[in-house]
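**Q** Numbering (the working numbering), first residue to last: 5 to 216.
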Amino acid sequence: MNTMTALVKADFIKLFSLKKTLLLFGIITMGFALLPQMLLFSFAVALYGLLYTALAYDDSNGAYYWYGTLPVNRRQIFQSKYLFALAMILLLILITGLLSTLSSLVTGNASPEALLISMIIAVTGGMTFTAITLPLTLCLGSAKSRIYALILYIGCFAAMGQVDHAWLEAISRIPWFAFPFLPLLFLGSCLLLALGYVWGIGRYCRKEFKAE
5 MNTMTALVKA DFIKLFSLKK TLLLFGIITM GFALLPQMLL FSFAVALYGL
55 LYTALAYDDS NGAYYWYGTL PVNRRQIFQS KYLFALAMIL LLILITGLLS
105 TLSSLVTGNA SPEALLISMI IAVTGGMTFT AITLPLTLCL GSAKSRIYAL
155 ILYIGCFAAM GQVDHAWLEA ISRIPWFAFP FLPLLFLGSC LLLALGYVWG
205 IGRYCRKEFK AE
């Protein structure tokens, strides 16, 4: 097992150790994801709760001092957090997408176009949220970055719970929305993620860890 894989695995182990938190967000995610029109909202709640919880866990338990005893450098730690976040986005969109698909098939309200658009918007929003929140949290600490993360969360995701499924079905039929608007939106979030990485990694590598 290489170093990066081990660091990402360690983040998942830390997350799974928080059984009550994991159970709470798991129930919320599954409950909302069973309603196709709430896929975006369920994804947003799970991503914010689980990703931010994992990052805050490191701060509250002095994990960064523990990292200093390992044969890893700060660049690898920073990169592993990004890989962990991307893995979380992929895992959550697969889970919420699968639950919403099964629910749609059972109720007879299946709309592949609307579901696909919901998933693309969710991933794009998740990457945008990660692009800004992750470097801020790693560089400032979870306590100082909490207010920025909350404001961004509200801005990116709060309205998702109000998105009407019929509205998604309607816009899925607009030719220019599916292409090129959605691909450009996704590419924009990828660019923002890359910029956040470039901005954050230099600052993180120079950061002095202090007890908060």
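A virtual CB, placed ideally from N, CA and C, is assigned to each residue, including glycine.
Bear in mind the structure is a predicted one, so any value in this text is a computation, not a measurement.
Out of curiosity, what's the CA-to-CA distance linking asparagine 6 and isoleucine 121?
**A** Taking the straight line from one Cα to the other gives about 36 Å.
**Q** Going by DSSP in three states, glycine 204 sits in which element: helix, strand or coil?
**A** In this structure, glycine 204 counts as helix in the three-state DSSP scheme.
**Q** Enumerate in chain order the residues of its own chain whose CB-to-CB distance from arginine 79 is below 7 Å, with the five nearest sequence positions on each side excluded.
**A** Ile205, Cys209, listed in sequence order.
**Q** Which of the three DSSP states, helix, strand or coil, is assigned to glycine 145?
**A** Glycine 145 falls in the coil class under three-state DSSP.
**Q** Leaving aside the five residues before and after alanine 60 along the sequence, list all residues of the same chain whose C-beta is less than 7 Å from its C-beta, in chain order.
**A** Excluding residues within five positions, the ones whose Cβ falls inside 7 Å are Ser146.
**Q** Quick one: Cα of threonine 57 to Cα of isoleucine 97, how far?
**A** About 18 Å.
**Q** By the three-class DSSP mapping on this structure, what secondary structure does proline 75 have?
**A** Reduced to three states, the DSSP call for proline 75 is coil.
**Q** Which residue wins for smallest C-alpha separation from threonine 100, given the options Val110, Cys194, Gly30, Trp203?
**A** Checked all of Val110, Cys194, Gly30, Trp203; the closest Cα to threonine 100 is Gly30.
**Q** For methionine 131, I'd like the list of residues in its chain whose CB is within less than 6 Å of its CB, leaving aside the five on either flank, ordered along the chain.
**A** Only Ser193, Leu197 meet the Cβ criterion.
**Q** Rounded to the nearest angstrom, how far is the Cβ of lysine 211 from that of leucine 138, given a contact under 8 Å?
**A** Actually they are not in contact, since the Cβ atoms of lysine 211 and leucine 138 sit about 14 Å apart, beyond 8 Å.
**Q** I think alanine 89 touches leucine 144, with their Cβ atoms under 8 Å apart; what is that distance to the nearest whole Å?
**A** Contact doesn't hold; Cβ gap of about 16 Å is too wide.
**Q** What's the gap between the Cα of phenylalanine 93 and the Cα of leucine 51?
**A** According to the sequence shown, residue 93 is isoleucine rather than phenylalanine. Rounded to the nearest angstrom, the two C-alpha atoms are 7 Å apart.
**Q** Taking the alpha helix (DSSP H) that lysine 18 belongs to, which residues open and close that run?
**A** 7 to 21 is the span of the alpha helix (DSSP H), which, as asked, contains lysine 18.
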